[in-house]
Ligand SMILES: Nc1ncnc2c1ncn2[C@@H]1O[C@H](COP(=O)(O)OP(=O)(O)OP(=O)(O)O)[C@@H](O)[C@H]1O
Ligand SMILES: [Mg+2]
Ligand SMILES: [Zn+2]
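So, in structure tokens, the structure goes:
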């Protein structure tokens, strides 16, 4: 079996560690000066080099190279023994599976024996936050008076769970996420060395996707390349279940322009092509976080390609800060919401509609029939068009006076949301009706297409028709039943349907059409469209 890439590429020398220069430099200096501390705490996100660095330190303090500044040499007997996992004085303990106080006591007994091979006995305690309180106390005793030949390296992803008493005994190093540029360069090097066939776009996606966790990035790459053949953006996307970043930008565009229909359509297209809804929500959050940083004048902190930063600056100029925060919160909720099997996209759609409300784009329909045409944007004051938006300067943020956040409306109620979902997904409803197992599925679908949701009264959805002729056809119990099934498929709710004639759904006749003629009847009463006029 071939070795996993991330193991093969585990750094064996200080130089090979990326993105943690601040830590590596301090440790190298300590080794060179032979002034290594007796207890370290390495904290930071997963897969950023904590265990790797701990092993390097263990190697360095036991390396046989005569010049301390050259340790670890990665060539002496001890270095090689560490590399091969058979160095007796390197003891790795996984606190996740050795949490008890007895485990720590056993460790304390053994610790007094002198090292058998090297200069130091090095204890690496991984996931140290998993220890029980009693075990922590036992450990603390050891940390208070470590034998001179012992070095402890505690590693954790959750520093807030480490007692202050332990923290105060350790020299602390905080590992950071690997910055985008460094990660990209590292992966590029790996792709070349391993002779993998990965397009730059696919590599960029892997980099973005791994959010600073190098192990994830390497594993992803490994997984993608193992299929053989070239790894393109499309294959990467389908394996990762991620949307093209353009889809994210399109959704944000739709939000800022108050285009409910278009936004939901972008979302569904992304999902149809294999994106995972939670992943998509996460991508939106990531993007909006960038927009927020740009708005605060911290564009330099946004770790994305320059072109995307320009795009973010344009969006930053288009929205107010309070609304932006609210929107990020909404999508963040969708990103962490439990998966619901029957409607996995729902949290994402809800977040979108909530966000739409926050941006004040399209006010959500209320109890009364919406008079406005669906999908029409309400141009809001003080908005800067993308073309005018400049990259914000430090002093000049925000680029516009913050717009007021829309007041919480009834539309935010479950009822309002449900109604809005129905309105904005009307086209889908029309399609769902076609799938209902009934001889009248097709006419019902057509009738839904000519109707319009007016309001939701309790569990009754009122659909308006431009004429009594259509209303009557739809009012057939068999037809209603099909419509109700389609609604159930769309929303998961058992709703009833009622039909009314409504003037607001009456179509305007195109100019030049005789109001008494056949064409007028077709357009006004039967929901027809004029396609061409000669
Ligand atoms: N800073 C880094 N430089 C080079 N490679 C790294 C770095 N961080 C992680 N890697 C790669 O990821 C793999 C895993 O890293 P490591 O075990 O050190 O992570 P960790 O921080 O201990 O993660 P965890 O918190 O999950 O234990 C390494 O074998 C290496 O291939
Ligand atoms: Mg680790
Ligand atoms: Zn050595």
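In my numbering, the protein residues as written are 27 to 560. Built from N, CA and C at the ideal position, the CB exists for glycine as well. Quick caveat: nothing in here was measured; it's all calculated off a predicted structure.
**Message:** Give me, in chain order, the residues of the same chain whose beta-carbon lies closer than 8 Å to that of residue 52; leave out the 5 immediate sequence neighbours on both sides.
**Reply:** 199
**Asked** Just reading off the alpha helix (DSSP H) that residue 199 is part of, what are its end residues?
**Response** No alpha helix (DSSP H) holds residue 199; the beta strand (DSSP E) holding it covers 197-200.
**Prompt:** Roughly how many angstroms separate the alpha carbons of residue 99 and residue 214, rounded to a whole number?
**Reply:** 26 Å
**Asked** Which word fits residue 252, buried or exposed, when buried means at least 16 other C-beta atoms lie within 10 angstroms of its C-beta?
**Response** exposed
**Request:** Sort out for me which residues DSSP pairs residue 479 with in a bridge.
**Result:** 489
**Message:** I need the boundaries of the alpha helix (DSSP H) containing residue 105, first residue and last residue.
**Reply:** 103-109
**Asked** Distance, Cα to Cα, residue 369 vs residue 296?
**Response** 15 Å
**Residue span of the alpha helix (DSSP H) that contains residue 510, given as start and end** = 503-517
**Request:** Evaluate the contact criterion for the segment 34-52 versus the segment 168-183: three or more CB pairs, one atom per stretch, below 8 Å.
**Result:** no
**Asked** Rounded C-beta distance between residue 451 and residue 516? I'm assuming under 8 Å.
**Response** 6 Å
**Message:** Is the beta carbon of residue 385 closer than 8 Å to that of residue 602?
**Reply:** Coverage of the chain is limited to positions 27 through 560, which leaves residue 602 absent and any answer about it impossible.
**Message:** Given the structure, does residue 91 come close to ligand 3, in the sense that its CB is under 7 Å from one of the ligand's heavy atoms?
**Reply:** yes
**Message:** Does residue 111 pass the burial test, meaning 16 or more other C-beta atoms within 10 Å, or should it be called exposed?
**Reply:** exposed
**Item:** Distance, residue 341 Cα to residue 347 Cα
**Value:** 11 Å
**C-alpha gap between residue 224 and residue 306, whole angstroms** = 23 Å
**Prompt:** ligand 2: which residues have Cβ under 7 Å from any of its heavy atoms, chain order?
**Reply:** 76, 77, 152 and 181
**Request:** Indicate, with yes or no, if ligand 1 has a heavy atom lying under 7 Å from the CB of residue 145.
**Result:** no
**Contact set for residue 66: own chain, Cβ-Cβ below 8 Å, skip 5 residues either direction** = 80, 83, 177, 178, 179, 180, 196, 197, 198 and 199
**Asked** So what does DSSP say about residue 136, is it helix, strand or coil?
**Response** helix
**Asked** Between residue 31 and the rest of its own chain, which residues show a CB-CB distance below 6 Å, the 5 nearest in sequence each way excluded?
**Response** 244 and 248
**Message:** Give me, in chain order, the residues of the same chain whose beta-carbon lies closer than 8 Å to that of residue 56; leave out the 5 immediate sequence neighbours on both sides.
**Reply:** 62 and 63
**Asked** According to DSSP, which residues form a beta bridge with residue 522?
**Response** 486
**Asked** In whole angstroms, what is the alpha-carbon distance linking residue 285 and residue 216?
**Response** 43 Å
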